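> Mind the numbering: the sequence shown is residues 1 to 374 in the UniProt record's numbering, read in order.
Note that the Cβ used here is the ideal one computed from N, Cα and C, for glycine as well.
Given the structure is predicted, the values throughout are model-derived calculations rather than measurements.
Let me give you the structure first, and then I'll get to my questions.
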Amino acid sequence: MTRMKTTDSSGDVRLSGIGKTYGSFTAVHPLDLTVPQGSFFALLGASGCGKTTTLRMIAGLEEPTSGTVFLGDQEVTHLPPYKRPVNTVFQSYALFPHLDIFENVAFGLRRRGIKSVKKQVEDMLELVQLGEQARKKPHQLSGGQQQRVAVARALINHPKVLLLDEPLGALDLKLRRQMQLELKRIQTEVGITFIHVTHDQEEAMTMADTVAVMNAGRVEQLGSPTDLYENPNTTFVANFLGTSNLIEAEVDTKSGDDIVLKAGGGKLVLPESRCSAPTTTGGKVLVGVRPEKISLTHADDAGEISEGRNRITGKIADSSFIGVSTQYVIDSPVCPEFEVYAQNIDRDARLVPGAEVVLHWNPAHTFGLDAAQD
Ligand code: ATP
């Protein structure tokens, strides 16, 4: 079954001031969020941050304390789940053990009184690549296959929006990675809105075109995976989406579109557009750079580093060979335990613990955070 993406907005999900409290505890602070029709959207955050509660309010499984939920043009805030054009896939597949795969998928159609289900079920099983397994029982399938049945069963009634609550949580890592690609393919093929809840940043980044990073009941930042990774606005987002090296610095001057900062005895350059902190002279900024953006040069060769790169000095504290790259931990006066992942191309044999080094990178890969935000 292949459906083209449409330009209609019936699968838009719009949350306006939606919030949830349990007694005096606020699980979700009132939030505004629009998920456009046809997007693969991820709610990402650590356990307890409110992502499942948010999803359940969209599904109708949880009554919001405040705000409204719109699906397309229809307000559904107080509609029961079965009256909403959404369906949910949970971590537990919840398949009927006594029914075969075909009948599990056909269930939703039969319940609506539809008699001729064969073609629709076969198309759906083909979509999730389980055409051959139609007559097997759930226990005869692998975890990944069972989860695909759950997806097929959720899609058979043509919801406008599919909600996925940690659907891959029970799978081992290899299967999880396969299923991430598989879910992405299915979403592209059916073209409906998918909202996926996960605590796994790699999973969110692999699948979603937009990610909302949640922290303590609030959306801390919203953006494309690349945007969030390369240009985080808060230390929480910077650290949640990978390793970031953060250097305490102070705004010195501005130079065109760049800010020049003092860090230790040296200077660092940061494009102003990549700084979420106030940039008045003397302001404190946490200057961040991802480990794989940094090059490492032995101090004896520092003269060979091109002009215009940000640089700091340090000493190798530790190094571990991890296949395609070597991971170094550097002690630097401006950032203890600075992490660097250097590709193993022309690896310098002198880069061993104790060696004096210069870390350098293109200023374009630098981001700036508000040192006072937390
Ligand atoms: P997880 O990944 O562990 O499911 P989550 O980010 O999805 O976490 P939620 O399940 O949305 O988090 O829960 C948010 C907060 O609300 C948690 O602190 C949780 O303990 C609390 N909470 C959820 N449901 C209830 C409830 N019925 N009564 C009281 N507190 C609740």
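1) With H, G and I counted as helix, E and B as strand and the rest as coil, what does DSSP make of A59?
2) Please name the residue, chosen from W361, L296, R218, T88, that lies closest to I18 on a Cα-to-Cα basis.
3) Measure the C-alpha to C-alpha separation of D100 and Q140 and round it to an integer number of angstroms.
4) Following the continuous beta strand (DSSP E) through I259, name the residue where it begins and the one where it ends.
5) Let me know the beta strand (DSSP E) ranges lying completely inside the stretch 209 to 283, each 3 residues or longer, listed in chain order.
6) Could you give the DSSP three-state label for A355: helix, strand or coil?
7) Might you give, ordered along the chain, the residues of its own chain that have their beta carbon closer than 7 Å to the beta carbon of residue 379, omitting 5 neighbours on each side?
8) How about G67 and G11: do their beta carbons lie closer than 9 Å?
9) Give the range of the beta strand (DSSP E) segment to which A317 is assigned.
10) Counting by C-beta, which residues lie closer than 5 Å to a heavy atom of the ligand COA, in chain order?
11) For the candidate residues D227, S273, R290, A263, whose alpha-carbon lies nearest to that of S244?
12) If K198 and E220 are in contact, beta carbons under 8 Å, what's the gap, nearest whole angstrom?
13) Determine the extent of the beta strand (DSSP E) in which E122 is found, giving its start and end residues.
14) Should the stretch 228 to 244 be regarded as contacting the stretch 71 to 90, the criterion being three or more beta carbon pairs within less than 8 Å?
15) Could you pull the start and end residues of the beta strand (DSSP E) that F40 belongs to?
16) Taking just the CA atoms, how far does V358 sit from L222?
17) Given that a residue counts as buried once 16 or more other Cβ atoms are within 10 Å of its Cβ, and exposed if not, what is F236?
18) Roughly how many angstroms separate the alpha carbons of S332 and R14, rounded to a whole number?
19) In this structure, does DSSP put P336 in helix, strand or coil?
20) Taking the alpha carbon of V334 as the reference point, which residue from A355, V352, I316, I312 has its own alpha carbon closest?
21) Tell me which same chain residues have a C-beta within less than 6 Å of the C-beta of M1, skipping the five on either side of it?
22) Can you tell me whether T52 is buried or exposed, with buried defined as 16 or more other CB within 10 angstroms of its CB?
23) Specify, as a first and last residue, the run of the alpha helix (DSSP H) that F107 falls within.
24) Quick check: the Cα distance between G144 and G323, rounded to an integer number of angstroms?
Taking the structure as given:
1) When secondary structure is reduced to three states using DSSP, A59 falls in the helix class.
2) Taking the Cα of I18 as reference, the smallest distance to any Cα among W361, L296, R218, T88 is reached at R218.
3) Pairing D100 with Q140, the inter-Cα distance amounts to about 10 Å.
4) 258 to 263 is the span of the beta strand (DSSP E), which, as asked, contains I259.
5) Runs of the beta strand (DSSP E) inside the stretch 209 to 283: 210 to 215, 218 to 223, 245 to 255, 258 to 263, 266 to 271.
6) A355: coil per DSSP, three-state reduction.
7) Missing from the structure shown is residue 379; the chain here goes from 1 to 374 and no further.
8) Taking 9 Å as the Cβ cut-off, G67 and G11 do not qualify as a contacting pair.
9) Counting along the chain, the beta strand (DSSP E) containing A317 begins and ends at 310 to 321.
10) This structure lacks the ligand COA; the ligands present are the ligand ATP.
11) Considering only alpha carbons, the answer is R290.
12) According to the sequence provided, residue 198 is Thr. The question's Lys does not apply to it. Cβ atoms of T198 and E220 stay farther apart than 8 Å, at about 15 Å.
13) Here E122 belongs to no beta strand (DSSP E); instead the alpha helix (DSSP H) covers 118 to 127.
14) Cβ pair count under 8 Å is below three, so no.
15) Element bounds for F40: 40 to 44.
16) Rounded to whole angstroms, L222 to V358 spans 34 Å at the Cα level.
17) The residue is buried, with at least 16 neighbouring Cβ atoms inside 10 Å.
18) Straight-line Cα distance between these residues: approximately 47 Å.
19) In the structure shown, P336 sits in a strand (DSSP, three-state: E or B).
20) Answer by Cα proximity: I312.
21) With a pLDDT of only 44 at M1, under the threshold of 50, the placement of this residue in the model should not be trusted; the figure read from the coordinates follows. These residues qualify, in order along the chain: D123, L127.
22) Buried.
23) Unbroken alpha helix (DSSP H) run through F107: 101 to 111.
24) The alpha-carbon of G144 is positioned some 29 Å away from that of G323.
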